[in-house]
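Participant:
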């Protein structure tokens, strides 16, 4: 059994992007396992924009993390040793494992860790991506909030990201015209050529708003919004009356303290419904949704991609990659 | 028959508040009435925040007004002469009469003017206020968008205004705890002592946010938002999870080009539904709604107040009064 654990502690709250030392790698002894506990080795960490929100000095939808504590993180771990009847060695679980190599699961917490089944052709890491939080976010955002109808025009921002790429494909399954907004030509090519988006526009080109207009000749009925700021502004300008905005994320604002939306009055003028949502509200239905996503994946209706880094020490770099748009699809750090 | 008309023309688009000369008073000859036309004398003009939005150099929910044209305005007029079988002398109509003393209603436009009935104890001007656009806005915003349930906490901003004062009273009829935000102690007193609001807070007092918190011990379920900006910011901070924001107006931003909302991410964190709406979408049901409002008014369930100025030339001053919060209840200019 291992006797030491490597952990990333939150030592300082970042201003803007993460700076060296905000998350500090330390080694600490692993305490002996108590009755009712299980020790799990973290295999993969899910790198998500929300982690930046968690670092702030305020409670959010989860309580703030005290400085000096292990940084919160979602991941997949494999049970290495168990004194808890709910888990046996070799079981794989997903949950808030924390940014560390080992996590001790105590009896009380055990319900927040979910065992993942072994499914042919489905990799473990898929349970962090297409079948995990980001895939489920796309699933519930589309099916429960957007409720797309055939023939409607859906625009997805951060469309080549882990959530956006799945949301757009679910839009295609529902018969929408789907237009993605992404930050490189390669990402746009991936969206249209591999994922079946009807069009994609690179917001770093100066004429991208004209291209967005050309790609949405009937206006926009649904905005699956992951970015906020100037990109959301441009999408709202093309929304149809009575359109819906699925407010999933505002990544453009997470590294500043006040993500603002400037053309807010458009919501009145166009009678838009802006619905904020968090996937955790749908947790009772995660299994059903993951099963549906798994079927779509197996039948080729949904494709996914991962960007993977190796080593716990790469996590700060990986988080900053999100805000630079340096990943395509799900960003994961392989720990073990 | 009159041969001249006095009109307010939109000569310049205001930056911020209206400046002298933005609306210019002119006299022009009244053309002779053609077959199918009716001449109506404007009695009352409804002064509403949306007029400032109409003055901007862009199409909105209505097309922009070309410079040099008669400024758009809603009001009540009395038919003075008619060559149209739909109208007879003495009929009173409401509609977009324009900021002028006389309006010629042509056959094509006649459907956009609605005759108002003579009802005992109901003044003509009530058809611009409690039974008119602002009352109807409150009615549909509350019953169709907010859908309040008994025991919920409703906060109304610009609560002593024409729409807010009615919205809050409809909240009381539905069994809500109703808290108003207004800009003078007198208005707050009117809300609690005359209109039955449970509490009211004056946002010009430095400790108003603490008072808002004290007045909403169970948090806020519904925000009937008329103001935006810093006031909306403070209300969102006290919203309960899954709360609803009825986005009725953003008066704090109408005199700037970009009304921004700073704590936009709160909509995600609290999973809020923000629904923009315009009363014109419910025009097919105006008569039913006005009947209900009339009943409530007659039975004392809803009280209203008017602030009235006299003379067409007072319109620019009246519009600016709205943005200074100088009116209580419905602001009206009596023309004839």
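Residue numbers (my numbering), protein chains in the order written: chain P, 2 to 337; chain Y, 2 to 337.
Beta carbons are placed, not taken as given, at the ideal position from N, Cα and C, and that holds for glycine.
Determine, using beta carbons only, whether residue 177 of chain Y comes closer than 9 angstroms to chain P.
Facilitator: Output row for residue 177 of chain Y: interface = no.
Participant: So if DSSP puts residue 274 of chain Y in a beta bridge, which residue, or which two residues, is it bridged to?
Facilitator: P/276, Y/245.
Participant: Using a Cβ-Cβ distance cut-off of 9 angstroms, determine whether residue 267 of chain P contacts chain Y.
Facilitator: True, the Cβ-Cβ gap to chain Y drops below 9 angstroms.
Participant: Could you tell me which residues DSSP puts in a beta bridge with residue 114 of chain Y?
Facilitator: Answer is none; residue 114 of chain Y lacks a bridge partner.
Participant: Counting beta carbon pairs with one atom in the stretch 146-158 of chain Y and one in the stretch 207-224 of chain Y, are three or more of them shorter than 8 angstroms?
Facilitator: Yes, the stretch 207-224 of chain Y touches the stretch 146-158 of chain Y.
Participant: Report yes or no: is there a C-beta of chain P within less than 9 angstroms of the C-beta of residue 287 of chain Y?
Facilitator: Chain P, which has no Cβ nearer than 9 angstroms to the Cβ of residue 287 of chain Y, makes this no.
Participant: So if I threshold CB-CB distances at 7 angstroms, which residues from the stretch 58-89 of chain Y count as touching chain P?
Facilitator: If the cut-off is 7 angstroms between Cβ atoms, the stretch 58-89 of chain Y has 61, 62 near chain P.
Participant: Just curious, the alpha helix (DSSP H) that residue 317 of chain Y is in, first and last residue?
Facilitator: Taken as a continuous stretch (DSSP letters only), the alpha helix (DSSP H) holding residue 317 of chain Y covers 316-325.
Participant: State the CB to CB distance for the pair residue 119 of chain P and residue 88 of chain P, rounded to an integer number of angstroms; the pair is presumed to be in contact (CB under 8 angstroms).
Facilitator: Wrong, their Cβ atoms sit about 15 angstroms apart, outside the cutoff.
Participant: Report the residue from P/242, P/265, P/250, P/238 whose alpha carbon sits nearest the alpha carbon of residue 248 of chain Y.
Facilitator: Answer by Cα proximity: P/265.
Participant: Is it true that the stretch 236-250 of chain P meets the stretch 171-178 of chain P, where meeting means three or more beta-carbon pairs spaced less than 8 angstroms apart?
Facilitator: No, they do not touch.
Participant: Let me see if you follow: with CB-CB separation under 9 angstroms, is residue 324 of chain Y close to chain P or not?
Facilitator: No, its Cβ sits nowhere closer than 9 angstroms to a Cβ of chain P.
Participant: Return no unless some Cβ of chain P is closer than 9 angstroms to the Cβ of residue 271 of chain Y.
Facilitator: Closer than 9 angstroms to some Cβ of chain P, the Cβ of residue 271 of chain Y qualifies, so yes.
Participant: Does residue 233 of chain P come out as helix, strand or coil in the three-state DSSP assignment?
Facilitator: Helix, per DSSP.
Participant: Alpha carbon to alpha carbon, what distance is there between residue 30 of chain P and residue 77 of chain P?
Facilitator: Approximately 22 angstroms, taken between the alpha carbons.
Participant: Applying a beta-carbon distance threshold of less than 8 angstroms, which residues of chain P neighbour residue 278 of chain Y?
Facilitator: Those within 8 angstroms of residue 278 of chain Y in chain P are 269, 272.
Participant: Run the CB neighbour count on residue 305 of chain P, radius 10 Å, all protein chains shown included, and call it buried at 16 or more, exposed below.
Facilitator: Counting Cβ neighbours within 10 Å, residue 305 of chain P comes out buried, since at least 16 surround it.
Participant: Would you verify that the beta carbon of residue 187 of chain P is, or is not, closer than 9 angstroms to some beta carbon of chain Y?
Facilitator: It does not: the Cβ of residue 187 of chain P has no partner Cβ on chain Y nearer than 9 angstroms.
Participant: Tell me the DSSP secondary structure of residue 141 of chain P in three-state form.
Facilitator: Residue 141 of chain P falls in the helix class under three-state DSSP.
Participant: Would you grab the beta carbon distance between residue 73 of chain P and residue 97 of chain P for me? Rounded to a whole angstrom, and I think it's under 8 angstroms.
Facilitator: About 6 angstroms separates the two Cβ atoms, so the contact holds.
Participant: Determine the extent of the beta strand (DSSP E) in which residue 158 of chain P is found, giving its start and end residues.
Facilitator: It spans 154-158 - the beta strand (DSSP E) in which residue 158 of chain P sits, taken as one unbroken run.
Participant: By a C-beta neighbour count over all protein chains shown, 10 Å radius and 16 as the cutoff for buried, is residue 122 of chain P buried or exposed?
Facilitator: Residue 122 of chain P is exposed by the Cβ-count criterion.
Participant: Report the neighbours of residue 282 of chain P on chain Y: residues whose CB is nearer than 7 angstroms to its CB, in chain order.
Facilitator: Within 7 angstroms Cβ-Cβ: 272.
Participant: Could you give the first and the last residue of the continuous beta strand (DSSP E) run that contains residue 341 of chain Y?
Facilitator: Limits of chain Y in this structure are 2 at one end and 337 at the other, which puts residue 341 of chain Y out of reach.
Participant: Give me the residue from Y/332, Y/235, Y/66, Y/293 with the minimum Cα distance to residue 141 of chain Y.
Facilitator: Checked all of Y/332, Y/235, Y/66, Y/293; the closest Cα to residue 141 of chain Y is Y/293.
Participant: Could you please give the first and the last residue of the uninterrupted beta strand (DSSP E) stretch that includes residue 76 of chain Y?
Facilitator: Per DSSP, residue 76 of chain Y belongs to the beta strand (DSSP E) from 75-83.
Participant: Using C-beta distances below 6 angstroms, list every residue in its chain close to residue 205 of chain P, excluding the 5 sequence neighbours before and after it, in chain order.
Facilitator: Once the five neighbours on either side are set aside, the close Cβ partners of residue 205 of chain P are 184.
Participant: Taking Cβ to Cβ, would you say residue 227 of chain Y is nearer than 9 angstroms to residue 144 of chain Y?
Facilitator: For residue 227 of chain Y and residue 144 of chain Y, no; Cβs fall outside 9 angstroms.
Participant: I'd like to know whether the C-beta atoms of residue 323 of chain P and residue 46 of chain P end up nearer to each other than 9 angstroms.
Facilitator: Contact flag unset, no.
Participant: Considering Cα atoms alone, identify which of P/48, P/36, P/178, P/53 is closest to residue 16 of chain P.
Facilitator: Taking only the C-alpha atoms, the option nearest residue 16 of chain P is P/53.
Participant: Checking contacts by CB at 9 angstroms: is residue 152 of chain Y closer than that to chain P?
Facilitator: With 9 angstroms as the cut-off, residue 152 of chain Y does not count as an interface residue toward chain P.
Participant: Going along chain Y, which residues have a C-beta under 9 angstroms from residue 229 of chain P?
Facilitator: Residues of chain Y passing the Cβ test: 265, 266.
Participant: Our contact map puts residue 191 of chain Y next to residue 235 of chain Y with C-beta atoms below 8 angstroms; I'd like the distance itself, whole angstroms only.
Facilitator: So it is not a contact: roughly 22 angstroms between Cβ atoms.
Participant: Check for me: the beta strand (DSSP E) holding residue 29 of chain Y runs from which residue to which?
Facilitator: Unbroken beta strand (DSSP E) run through residue 29 of chain Y: 24-30.
Participant: If the cut-off is 9 angstroms on Cβ atoms, which residues from the stretch 237-253 of chain Y count as contacting chain P, listed in chain order?
Facilitator: Within the stretch 237-253 of chain Y, the residues whose Cβ lies closer than 9 angstroms to some Cβ of chain P are 242, 243, 246, 248, 249, 250, 251, listed in chain order.
Participant: Residues of chain Y with CB under 7 angstroms from residue 275 of chain P, in chain order?
Facilitator: Ordered by position in chain Y, the residues that pass the 7 angstroms Cβ test against residue 275 of chain P are 268, 275.
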